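Those sequence lines, one after another, are chains R and C. Per the UniProt record's numbering, the first sequence starts with residue 1, numbered consecutively. Per the UniProt record's numbering, the second sequence starts with residue 1, numbered consecutively. C-beta: ideal position from N, C-alpha, C; glycine also. Computed from a predicted structure; not experimentally measured. Let me begin by presenting the structure, written as structure tokens, before commenting on it.
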Amino acid sequence: MVNICLICDFFYPCLGGVEMHIFQLGLCLIERGHKVIIITHKYQGRSGVRYMTNGLKVYYCPFIPAIQTVVLFTYVGTLPIFRQILLREEIHVVHSHAATSYLGGELLLHAKSMGFKTVFTDHSLFAFNDAASFHVNKILKYILCEIDHSISVSHVSKENLSMRASLDPRNISVIPNAVDCSRFTPNPSKRYPLNTINIVVICRMTFRKGVDLLVDVLQVICKQHPEIYFIIGGDGPKKKILEETIQRYNLQNQTELLGSVPGHQVKDVLNRGHIFLNTSLTEAFCIAIVEAASCGLCVVSTNVGGISEVLPKNMVLYADPTPEDICHKITQAIPIAKNFQVYQQHELVKKMYSWEQVAERTEKVYYNILQTQNQTILKRFKDCYSNGQIYGLYLMILLIFDLIFLMILDFLQPHKGIQKPGIFNQIYKNQKEKFGDHLFKADQQN
Amino acid sequence: MNNQYITKIVSKEEDDYDEELRFWISIKSTNQNDHNKVQHHPRTMKFCQTHSLIKKSTIKKMSIILIFMDYFKYCPWDGYRFSENDVQCFICRRPKYQLTSYIQEEQEQKKWEKILYEKQPYDDNYIDETFLQSVQKQDNTNNGPDYKQLISKTSDLIFAVNCVVFYLLSYFLMLHDMVNDQLQLYFWLAAAITCLIMFSVVKKMKTLEILSNFKSIGIYISILLLFAPVMQTVNQTYADNTIYVLTSVAILIYIFLKDYDYEKDFTELDVSQWASLVFSSLLASRLHNELQVFLMIFASNLLFIFVPILQRSIKQKYNSVFRVINLISTIGLGLSLLFFSYFLALLFFGCVFFITFVSPLQIIWLYQYKNTIRGPWDLPNVKQYD
């Protein structure tokens, strides 16, 4: 049994891909018999310790988010609380997610100073040639210079991560994301409006999700095919452009803007459509496509990043990231979507991805790194210095401060004085129906 | 024959027997149905029961083997004649009791594919030979930009520097009362009118437009005249040193951040143009009377905000004329600086030489270190809507 600490800036009540990944991974690891805690920063009205399903303990620490839920990088500000938490819960492995989450990065460095094993999971792709990427990559290189193992969600993401952070590719495992297929079941009777081919688009309306492409596609397709009806869900900075385009070209009869779709309603929106359109410009692993395929929709997507590895070629129509090619592929998809094997596709997708498999592979990673020895301080200094001749010296000074601060904390708050927490009693697992769980009897409801 | 075989097996040494038994057990039996059809040979049953290691399943297997073993005297595939001790066919290597089976080739390990939807029989951190092959590093096959092209591009920069030096020169003359104020006034007005005429000619404007331009310039001049006293007093309290430092910084900002490609529309002022206003108002505060202040600000607006508009239209059509003007103005300025101090002239010529001839060499030298990495993670070029 391994005691695992998952860290990320992004967690409930924020709902997105990374948050769901952490939550599901934590739950599946608990099912396998490990102990999992999660550390994030405080949200509006949520501060302190909360327990979620199955005893998943979440620490909403009082760190203040600086920009869009990401905590400001103060190297020593987070150390006392973090040390207390790790020693209380007797953690063995510290696992951080998301390259843009600097809480995770900072706590990884502290965990290394305290001698724990560290793992990092990368969820996004970054290019090398724009200004934001330079800085993110440089900081990532520093955070990952001493890490034990990394996980990436697709093969392209593995190449990207090994180039960005200069990591040995043998220390990067590819463990894809998964989708809970029981929550995304097909239901062709819910297709609405009738007598039209409905195309569903659900994305965050940002530049990276290709809203500009969608705008061009809308104009062409709505004119060429009057039987098409677009259902567009999602919110973001580029939503205004979509609204303007719809007004300018009088496409109100053929489009519908839903605004932000809450998580539990996504399935209903997907069930309304025949085709799912994804126009992202870059994507490490597109969960939206798998959810749509699980709901029995025919998928049309741009062939960027790791999308071509996610589903077999006969389930997705790949297009180049130009409006003309996307329109061409949609035109090809319309006759396919009219007679589509919806339930068969759902069965196929069900076998492909599951969170239990992800947890099993992650567990293997943990067991592997727990067998390795801890690094010496000299090795850590050398790793710091490998970042650059002057930058490395500065990082070494930071490291020395970290270690001195740890010594002071050890003196002020000794290990023996830290109280152990209560263990979440999992007796209900043995007799689930006694506690109201009848899933093993009833069929899955649609 | 039957008895011979069985007696042979029974009479062997125990170790040999175990080996052969292990051999038979290791070969998988393909015919499961035969278990039910065939009866167990009594002799084998008896013998096997004495051996504690042998399980019931192996007893079955053994009996089947012993019964089928003598069905084949020759291998049906290649005609090899079996001798008594043969366990398998010598040529095709099939075991003697499995002669009707196809040879199973050793299953090659399935090739690694770059997919995520299937669990592959490789480790998660397996590295394939196709790793990083989709990354394109732009090695510098072309040797960078052309030297002559770069030299021609530096003419823009030289023109900007010339404008600044000319402005500073006239400011200096005015400050030390070396030239009559009236002369300066006529000069700058004439310059403005010349620029306007050139602009109209190049843009081929109609009479109405030209007249409306004149009118707007007249309004502009009157407003400036009104505000000249205000401009004089605005920065008067600053010390001289502060003024000089701020001016130098503003001039540098103007030169470095100037829009040399003339992409922007001239409806909004750029950062560099604001910087030019800043340093002209700073310098104007040191002057003696209002006419001088008005002249300096008018000159700065003309040189740094209106002349670029003119420059853009001239460059499009009469590039060589522009270059000639540039050359003449550089030489003229350099010579006029000689009147004041040799050092300044040297500095000016040195700067011009450095910018024109030495920095292109530097760029070409730096080009060998240019390193762009392109891969499947790059954002594609998409027309953006704002």
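contact_flag[the region 331 to 346 of chain R, the region 3 to 14 of chain R] where n(CB pairs < 8 Å) is 3 or more: With fewer than three CB-CB distances shorter than 8 Å, the region 331 to 346 of chain R does not count as touching the region 3 to 14 of chain R.
Shortest alpha-carbon distance to residue 109 (chain R) belongs to which of R:147, R:125, R:93, R:366? Of the candidates R:147, R:125, R:93, R:366, the one whose C-alpha sits nearest the C-alpha of residue 109 (chain R) is R:147.
Determine the DSSP secondary structure at residue 118 (chain R), reduced to helix, strand or coil. Of the three classes helix, strand and coil, the one that applies to residue 118 (chain R) here is strand, per DSSP.
Can you confirm whether the region 272 to 281 of chain C touches the region 296 to 305 of chain C when touching is taken to mean that 3 or more C-beta pairs between the two stretches lie within less than 8 Å? Counting Cβ pairs under 8 Å, three or more are found: they touch.
Residues sharing a beta bridge with residue 61 (chain R), DSSP: DSSP output for residue 61 (chain R) lists R:41 as bridge partner(s).
Mind pulling the alpha helix (DSSP H) runs of 4 or more residues that sit fully within the region 185 to 236 of chain R? Taking only runs of at least 4 residues, the alpha helix (DSSP H) segments lying wholly in the region 185 to 236 of chain R are 211 to 224.
With a threshold of 8 Å between beta carbons, is residue 159 (chain R) in contact with chain C? For residue 159 (chain R), the nearest CB of chain C lies under 8 Å from its own CB, placing it at the interface with that chain.
For residue 149 (chain C), count neighbouring Cβ atoms within 10 angstroms of its own Cβ and tell me buried if that reaches 16, exposed if not. Exposed, because fewer than 16 other Cβ atoms sit within 10 Å of the Cβ of residue 149 (chain C).
Entirely enclosed alpha helix (DSSP H) segments - the region 323 to 355 of chain C, minimum 4 residues: Segments of the alpha helix (DSSP H) lying fully in the region 323 to 355 of chain C: 342 to 353.
Report the partner residues of residue 207 (chain C) according to the DSSP bridge assignment. For residue 207 (chain C), which the question treats as bridged, DSSP gives no partner whatsoever.
So, with DSSP's three-state summary, where would you put residue 254 (chain C)? Helix.
Neighbourhood of residue 262 (chain C) by C-beta distance below 6 Å, restricted to the same chain and skipping five residues each side: 312.
How would you label residue 442 (chain R), buried or exposed, when you count the other beta carbons within 10 angstroms and need 16 or more for buried? Residue placement at residue 442 (chain R) cannot be trusted, given a pLDDT of 45 that sits under 50; the coordinates are not used to answer.
Quick one: what does DSSP say residue 255 (chain R) is sitting in, helix, strand or coil? Here residue 255 (chain R) sits in strand by DSSP.
Anyone know if the C-beta pair for residue 389 (chain C) and residue 293 (chain C) falls short of 8 Å? Past the edges of chain C, shown from 1 to 386, lies residue 389 (chain C), and the structure says nothing about it.
Cα-Cα separation, residue 32 (chain C) to residue 85 (chain C): At residue 32 (chain C), the pLDDT of 44 sits below 50, so the modelled position is not reliable and the matter cannot be decided from this model.
From R:118, R:88, R:143, R:326, residue whose alpha carbon lies closest to that of residue 102 (chain R): Of the listed residues, the one whose Cα sits closest to residue 102 (chain R) is R:143.
8 Å Cβ cutoff, residue 2 (chain R) in contact with chain C: Chain C, which has no Cβ nearer than 8 Å to the Cβ of residue 2 (chain R), makes this no.
Option in C:145, C:134, C:127, C:166 with minimal Cα separation from residue 344 (chain C): Of the candidates C:145, C:134, C:127, C:166, the residue whose Cα lies closest to the Cα of residue 344 (chain C) is C:166.
Mind checking whether residue 123 (chain R) and residue 18 (chain R) have CB atoms under 8 Å apart? One thing to note: residue 123 (chain R) has its Cβ within 8 Å of the Cβ of residue 18 (chain R).
Under 8 Å between C-beta atoms, does residue 213 (chain C) make it to chain R? With 8 Å as the cut-off, residue 213 (chain C) does not count as an interface residue toward chain R.
For the beta strand (DSSP E) containing residue 150 (chain R), list its first residue and its last residue. For residue 150 (chain R), the enclosing beta strand (DSSP E) starts and ends at 149 to 152.
Quick one: is residue 262 (chain C) near chain R, going by C-beta distance under 8 Å? Residue-level contact check: residue 262 (chain C) does not touch chain R, since none of the beta carbons of chain R fall below 8 Å from its beta carbon.
Beta-carbon separation (whole angstroms), residue 328 (chain R) vs residue 298 (chain R), contact threshold 8 Å: Wrong, their Cβ atoms sit about 15 Å apart, outside the cutoff.
Chain R contact residues for residue 379 (chain C), given Cβ-Cβ distances below 7 Å: Within 7 Å Cβ-Cβ: 127, 281, 282.
Specify the secondary structure class of residue 298 (chain R) as computed by DSSP and reduced to three states. Three-state result, residue 298 (chain R): strand.
For residue 288 (chain C), name the three-state secondary structure that DSSP assigns. Coil.
Cutoff 7 Å; reference residue 27 (chain C); Cβ partners in own chain excluding five residues on either side: The predicted position of residue 27 (chain C) is uncertain, since its pLDDT is 48 and thus under 50; no value can be drawn from it.
Look up residue 375 (chain R) in the DSSP assignment and say whether it is helix, strand or coil. If DSSP states are grouped into helix, strand and coil, residue 375 (chain R) belongs with coil.
Going by alpha carbons, who is nearest to residue 319 (chain C) out of C:137, C:152, C:82? Out of C:137, C:152, C:82, C:152 has the C-alpha closest to the C-alpha of residue 319 (chain C).
So if I threshold CB-CB distances at 7 Å, which residues from the region 312 to 327 of chain R count as touching chain C? Within the region 312 to 327 of chain R, the qualifying residues are 312, 321.
Suppose you measure from the CA of residue 5 (chain R) to the CA of residue 140 (chain R); what does that come to, to the nearest Å? Here the alpha carbon of residue 5 (chain R) sits roughly 20 Å from the alpha carbon of residue 140 (chain R).
Should residue 210 (chain C) and residue 200 (chain C) be called a contact, given that it needs their Cβ atoms to be closer than 8 Å? In this structure, residue 210 (chain C) places its C-beta atom within 8 Å of the C-beta atom of residue 200 (chain C).
Does DSSP put residue 152 (chain C) in a helix, a strand or coil? If DSSP states are grouped into helix, strand and coil, residue 152 (chain C) belongs with the helices.
Quick test of the definition: if touching needs 3 or more C-beta pairs under 8 Å, does the region 220 to 229 of chain C touch the region 331 to 343 of chain C? Verdict: no, contact absent.
Please go through the same chain and pick out, in chain order, the residues whose beta-carbon is closer than 6 Å to the beta-carbon of residue 160 (chain R), but skip the five residues on each side of it. If we look at residue 160 (chain R) and ignore the five residues flanking it on each side, its Cβ neighbours are 125.
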